[in-house]
Every structure is written in C-alpha cells, then in structure tokens.
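Report on one structure; see the data block that follows.
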Ligand code: NAI
Ligand code: CS2
C-alpha cells in the first residue's frame, strides 16, 4: 500500500494521540549545529531542545551534519526534517513528532556549506555524536592520533578539504577567531571526560595549523563535559513498518527509544544555550562522577551482555537478560564496579540505580541488538572496563570478573558464535584482530598478543600481570566449554 511521507503538509493528518511541535517552525532560526546526526541525537539532544522550544520558544533550531554517508539526509530532507520519536516500554508506546531539526548537510558533498554554518554568527553551539572513533584519539598517547588517515589527510589539505570532525571544528574556529565569535562545543559521546578529550584533540590540531589560534580557543571556546544516557537502538525496517500503522504515513527517519533519559552537562558555556535544565537536564560543576558511574555501570555491563550474549547465541539484550545466569553475572559485575571505583555522593541511591539498569536492559520492546553494542570494542573497552581493572588493582581487589569480560571480547573477535554461526567483527582495528585470531590459535599466545595492543590496553599486561593469567584461564574455558557452560561454572562458584 502506498503511503505519503511525514512532511509539513501531511502533519495535520496525524491523529490526536501523536504529540506535535508546539511552536512555529517556519519562524524558528537555527543556532545549533550537530555533527553526527544518527539515531542517538534524534532520540536525545534534539528531543531536549524540542521540549525547550515547545515550552519556551526560542531560536534553537538544529542544522544536522553527517560527516560520512548521505543516508540520513535521504531520510530527513523529504520529510522537511520531521521525524517521530517513539518511546516504547514493554507493551506501551507514545509518539512525538520532533521539529527541531531544520536541515541536514552531508559534509562530503557540501563541505563549504558545513563550514559556513559552523562559522556563522547565528551558530551558538555545536554538539557532537560522532561515535568514539570519530575523535581520532590515541588512548596510549592521550592525544590526537597524528597517524590517523583522516588527520594526516586533513593536515595536508587544511582548510579546504578537511574530512574529520576535528578538522572541520578547527577550520570553523579559525574563521570565528577572525570575527571574534565565541562558541560552546558539547561532546555527547560515551567517552571519559569527553569535553576535555575533545578540547585536547582540537588544540593539538590547531597547534599544527595555526598556533596563534590556540590562545583564542582557550579564551573564547568552551568544551563542557557531558554525560548522556538514553538507549536508542538502530531503527529497523520492521520498526518503520509497525509505525506506518500508527501514523498512516511513512516515516523513514523515525527513532525508537525507552522512557528513561538523562543529560548532565558541565556548567561551562561561552555562549547562550537552550534552557535544557528546565526540561530535565542537569547543569553541574563536575560531570565526572556521573559519567564514571554511567560508563562503568551501564556501558560496562552492556559490553559484557553484547560479547558473551552474542557468543551464546542471543540476538537482543532483553533475551540475554531473560537468562538468569547473565543477570547473576551482571549484578556481580555492578557490585564489583561499585565496590571501590565510584565517587558518588552518599545520598545517591546506587542500589536503585543498579536495579533500574537491569530493568532497562530487560525492556523487551526495544529490540536492542547485541551486535550493535559489540561494534568498535577497541574504542569502548578502555573507559568501560580497564579503568575499573586498574582501580580494583590499586585497592588490592582482584579482577577475575573483568578478566572474564575481556576473554569474552577476545573470543568474540574470532567471529564465530558457539553455535558455529559466523559474523563480521566491526571495529577500526578489525584487520589487526583478524590477523591475530587467524595466526594464533592457542589461548596463551592469542590473549597475550591482544593484551599487548597498546592503543587499547596501554600497558595493562605489565601493570597487572595476573590479569593476563585470568584472561587466559577464561578464554580457555570459553573455548573448550562454550559460553553458557562457562557461565554455569561461574554461577555455581559465586553464589
Ligand atoms: P548512529 O550509527 O546512528 O550514528 C553515528 C553517527 O556518527 C553517524 O552520523 C555517522 O556518520 C557518524 N560517524 C561515524 N563514524 C564517524 C567518524 N569517524 N567521524 C565522524 N562521524 C562519524 O549511532 P548513534 O546511535 O547515533 O550513536 C552515536 C554515538 O552516540 C555512540 O557512539 C555513543 O558515543 C553515543 N551514544 C549513543 C547512545 C545510543 O543508545 N544510541 C546513547 C548514548 C550515547
Ligand atoms: C551502548 C550505548 O552501543 C553501545 O555501546 O552501550 O550506546 C548505550 O546504549 C548508551 O550509552 C545508553 O545511554
């Protein structure tokens, strides 16, 4: 059956249960540029901004940019930037049409248009969700990765043909400096101290291309850290089809999420920002405790669920959580993390937070794929697990459980489920891992080689030698007995 697309013209046909923009979109100007306009931005920052405009008005329209493919433009532009945000909780769902995104620029097609937007006087804010790898950050050097192909190319062709987010930001700041236009740039990716990290890579790049810019950036540009949280899985064709029945329209840009949402932002702005704090976000002096809690408890658990769950044959997070062996493991993991490594105020109810995470992971209407979370492990593991392992070690606590997690990841890198089914390992270092897993077949040599990949593990094998032994131990068990039998053993021995 042919259905019209969701557009400004078809918007009035929607039924009364669907929430619509409460402000006049035509009269709203843009003041935000978002880099990486994927599912998460549409389900989180754009929604907070929409709430602000619904309640208080203001010119906080968003220009979204994709630094890679044109897919999101093909989804949004024929819909005048409109899309549905569908909140799902078990058998309940609510639909809100978001109007905050006004335009999408595909950077490889129109680099000058993106640069002009980033440099324009109207732009007050830049936000980013470009995935962890988009920052071209070298964990072991704690600086911009000057060997990264995008950075090598950007430094050689600056400013005309930049391709990386860092290259675009510095080129725009160069122009803003000439016009004396301050800026606030907020990273919304799951990275530790994401604002500081972003500032570091921007300053390192600026130093190479125009060192006089560094001082200006220090004074007139701020990079607040932020903790972001809302599970927004990649939209599937089935989701889009199901929504057609509710809307009686076709929405190719819809995103599907959970009721929970959290955004904690460092109160460090050089420009005006939307009143996000009036619609649920928190502006605080120090984001780090919130961010460590979330990265280690939520994301750390997620990665365990993804690697071990996928090996065991589970496609979705909620399926993993329906297996009591996994709930036992995840509870244990959270207790391990919370034991010594978190610096949260006494008044914070950590136990309720952990219970809520288990409930969120069990939301059976989200269809969050283990394979999605499993992507880019080399970029995620340092902040999710290794910082915990190091702190546990400093406090004289063993890291057996983290070793099981790491062993699960190394086993996952072989691209073979316990059932014998093959899958592709998606990771910027996939070629390195493929070479290692093909060449090294016994657990000792494979684990030792992977733990010596500096850009992920930065010396952990030397810092915590027993970690290597434990990872080898679990890798052998996973290899010989499979994931579920290994978990049976783990559960029997850790009641
Ligand atoms: P997505 O796959 O829908 O979108 C990713 C965006 O990043 C796309 O626009 C893509 O073009 C861009 N990108 C990928 N590699 C890039 C690179 N090297 N340079 C520049 N841009 C690049 O993913 P989604 O769901 O929007 O998530 C993006 C990030 O948001 C995550 O990696 C994470 O850091 C953060 N996040 C995601 C949450 C979620 O539940 N989806 C929740 C909390 C944070
Ligand atoms: C997930 C996160 O894909 C992943 O790595 O762990 O995107 C997770 O869904 C979010 O951080 C939840 O806020």
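In the working numbering, the protein residues as written are 247 to 741.
Even glycine gets a Cβ: it sits at the ideal position worked out from N, Cα and C.
- Within 10 angstroms of the beta-carbon of residue 549 lie 16 or more other beta-carbons, which makes it buried.
- As a beta-bridge residue in DSSP terms, residue 265 pairs with 342.
- Spanning the alpha carbons of residue 448 and residue 427 requires a straight line of approximately 17 Å.
- Looking only at 400, 307, 341, 595, the smallest Cα-Cα distance to residue 327 is reached by 307.
- When rounded, the separation of the alpha-carbon atoms in residue 704 and residue 633 is 11 Å.
- In the three-state scheme derived from DSSP, where H, G and I count as helix and E and B as strand, residue 503 is classed as strand.
- Between residue 648 and residue 635, the CB-CB gap stays under 7 Å.
- With 16 or more other Cβ atoms inside 10 Å of its own Cβ, residue 567 counts as buried.
- Per the coordinates, the alpha-carbon of residue 439 lies some 13 Å from the alpha-carbon of residue 431.
- The shortest CA-to-CA distance from residue 461 to any of 330, 420, 578 is the one to 420.
- Counting along the chain, residue 447 sits inside the alpha helix (DSSP H) bounded by residues 440-455.
- In the DSSP assignment, the residues bridged to residue 529 are 511.
- Listed in chain order, the alpha helix (DSSP H) elements of length 4 or more contained wholly in the region 338-394 are 357-365.
- Under DSSP, residue 615 forms a beta bridge with 562.
- The C-alpha of residue 526 lies about 17 Å from the C-alpha of residue 532.
- A distance below 7 Å between beta-carbons, with the five flanking residues on each side excluded, links residue 399 to the following residues of its chain, in chain order: 409.
- Nearest C-alpha to residue 500 among 248, 252, 544: 252.
- Distance from the Cα of residue 679 is smallest, within the candidate group 271, 694, 405, 665, for 694.
- Listed in chain order, the alpha helix (DSSP H) runs fully inside the region 649-721 are 676-685, 689-697, 700-703, 706-709, counting runs of at least 4 residues.
- Relative to ligand 2, even the nearest heavy atom lies 6 Å or more away from the CB of residue 393.
- DSSP places residue 275 outside both helix and strand once states are collapsed to three, so it counts as coil.
- Using a Cβ distance threshold of 7 Å, residue 287 and residue 369 do not count as a contacting pair.
- No Cβ-Cβ contact shorter than 7 Å links residue 510 with residue 469.
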